[in-house]
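Counting in this note's numbering, the sequence shown runs from 9 upward without gaps.
Beta carbons are placed, not taken as given, at the ideal position from N, Cα and C, and that holds for glycine.
From a predicted model like this one, the values you see are computed outputs, not experimental measurements.
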Amino acid sequence: MRTRRLVLFVFVLWGLPVFPQFVSGEWVERGEREIVKHRQAEVSFLVFDDQGKIAADAEIRIEQLKHAFTLGFAVHKEFPVDFDPEAEGWRAFNAVSLAPLSSWRQVQPTGPDTLKADTIDQAIRAASALKLEIHWGPLVSADAFDLPEWVVPLRGDALSDAARSYAHKIAMSYRSTVHDADTVEKTIDHDRFAPAALRLLALDLQAAWPTASPSLRYAGALSGRRAFEVVKAMDATLKQRLDTEEFNIEQAFPPRAIAQDRLEPALKRVTRHRHPLTIGSLEIAGSQSIESAVNTETVLRTLFAEPMIKGIFFAGLTADQFVEPSAALFDENGEVTPVLRTADRLFRETWWTNETLTTDDLGRATARVFLGDHRVTATLPDGSSVGVVVRLDDNNESPREILLMPVATENEADQTE
């Protein structure tokens, strides 16, 4: 029996300043408990005044700056010039994927000695200026359609050597600016690369590009018969010890209601090996606006509650970049759609730390915050203050302790000597 139900069903709600939660039920409550457990960390603050004395009744302001969880979109053609990091929708993103631009066919079309990457370089410069994490996309594909024409006839050692040489060239050119890259895609339907070749490629990548964890990319792991084929392929990959550290999934949900009680078991199947998983190309469609919003919340809540999911990239921004136009994040007028508005509400309001605390008589205060970067400001009763940016990447059982103490002015320091 499905447990999802609508909390509110109002078609004019997109014009309102506050947006409701669309789903409820036991799975939502259970998911929130998992989110608290795996996506948050406990922090303990200890505040002193500039003389080193305990500061009771100090106000501590915690403002999240960035999520540790990756949320991005795929760049098509060029980086969007209207990206506004403070605007609704845009502000939810902390990463971009270059997958639509970075296939081997596009980057090295004429031979092994050149790289055709002007659009990629432009996107990297723009994304870097905005401090967005950058993901390259699959370096190599087992599908001939994604390979340069000069590579298609190659087989065996010749193909392996060409792929390794290309991956090394990309690593040397972009490892200082691009955070991560998938290794190979489309190995389920095409057997162009033998396991030995994949193993050598992964080992080379680990050595040349330390931040790029070797990963295989699959399509359709969370719905339909394809899901079982992907699970079988993942099992074979691990059994063959192909040095795969992560998996990357492309997933498109068609315009119909998503059953969470089917989605969650499918997700558990592909994460049961406890290998990190990125949703590298996500489409969430709906037959109407309200269904798009409900589907989006269902998918994002389910994914965020699974601790092995390290990030999500939407497949694009506008309707022409999706299989289903209703999966678009911006409409033809550049306005935020129900899909992105729901994602923005979740990642910038529901799962976003914005809190004020007051220290007790011992100068202490504690809070649970979402993992990521935070600006912490302590204001003491005498008006003095101190601020610091803190990054929390893990949720260890022992709370992290942060000591806050204003710096004494020169005159105050003289008086204490």
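Buried or exposed for residue i, please, with buried defined as at least 16 other CB atoms from any protein chain shown within 10 angstroms of its CB.
i                 : result
lysine 194        : buried
asparagine 303    : buried
proline 414       : buried
leucine 411       : exposed
glycine 39        : buried
valine 26         : Residue placement at valine 26 is flagged as unreliable, the pLDDT there being 44, under the threshold of 50; the coordinate-derived value follows with that caveat. Looking at its Cβ environment, which holds fewer than 16 other Cβ atoms inside 10 Å, valine 26 is exposed.
serine 105        : buried
serine 149        : buried
proline 161       : exposed
proline 273       : exposed
phenylalanine 236 : exposed
serine 168        : buried
glutamate 343     : exposed
CA-CA distance, residue i and residue j?
i                 : j             : result
methionine 9      : alanine 265   : The predicted position of methionine 9 is uncertain, since its pLDDT is 38 and thus under 50; a value taken from the coordinates is nonetheless stated next. In a straight line, the C-alpha of methionine 9 is about 14 Å away from that of alanine 265.
glutamate 409     : lysine 139    : 27 Å
aspartate 401     : alanine 76    : 6 Å
serine 110        : leucine 54    : 48 Å
serine 406        : valine 51     : 9 Å
alanine 7         : alanine 82    : This structure cannot speak to residue 7, because the chain is shown only from 9 to 425.
arginine 280      : proline 315   : 11 Å
valine 331        : aspartate 369 : 59 Å
alanine 95        : serine 334    : 21 Å
serine 392        : glutamine 59  : 12 Å
arginine 41       : glutamate 305 : 16 Å
aspartate 57      : alanine 373   : 15 Å
aspartate 381     : aspartate 339 : 31 Å
phenylalanine 378 : arginine 356  : 11 Å
glycine 33        : valine 307    : 14 Å
histidine 198     : tyrosine 226  : 12 Å
alanine 416       : aspartate 92  : 38 Å
histidine 46      : alanine 313   : 8 Å
leucine 271       : isoleucine 62 : 51 Å
Looking at residue j and residue i, is the spacing between their C-beta atoms short of 8 Å?
i                 : j              : result
threonine 367     : alanine 107    : no
leucine 79        : alanine 49     : no
glutamate 291     : alanine 323    : yes
leucine 365       : glycine 97     : no
isoleucine 196    : valine 238     : yes
leucine 213       : alanine 179    : yes
threonine 118     : leucine 147    : no
proline 151       : tryptophan 112 : The question names proline, yet the displayed sequence has aspartate at residue 151. The answer is no: Cβ separation not under 8 Å.
alanine 229       : glutamine 259  : yes
phenylalanine 255 : serine 297     : no
proline 88        : leucine 325    : yes
threonine 358     : glutamine 72   : no
tryptophan 144    : tyrosine 182   : yes
alanine 100       : alanine 327    : no
glycine 371       : alanine 125    : no
glutamine 437     : leucine 123    : Not covered by the structure: residue 437. The range shown for the chain is 9 to 425.
Less than 8 Å between the CB atoms is what I'm expecting for residue i and residue j, so what's the real figure, rounded?
i            : j                 : result
proline 284  : lysine 318        : 5 Å
arginine 376 : valine 36         : Rounded, the Cβ-Cβ distance is 19 Å, inconsistent with contact.
proline 263  : serine 295        : 5 Å
valine 31    : arginine 309      : 7 Å
serine 429   : phenylalanine 201 : Here the chain has residues from 9 to 425 only, and residue 429 is not among them.
### Query
Is the number of C-beta pairs between the segment 231–249 and the segment 213–221 that are closer than 8 Å three or more?
no
### Message
For the segment 175–194 against the segment 129–144, do three or more pairs of beta-carbon atoms, one drawn from each stretch, fall closer than 8 Å, so that the two count as touching?
### Response
yes
### Task
Indicate whether the contact test is met: 3 or more Cβ pairs, each with one atom in the segment 202–209 and one in the segment 250–259, closer than 8 Å.
yes
#### Entry: Cβ contact (3+ pairs, closer than 8 Å) linking the segment 374–393 and the segment 82–91
no
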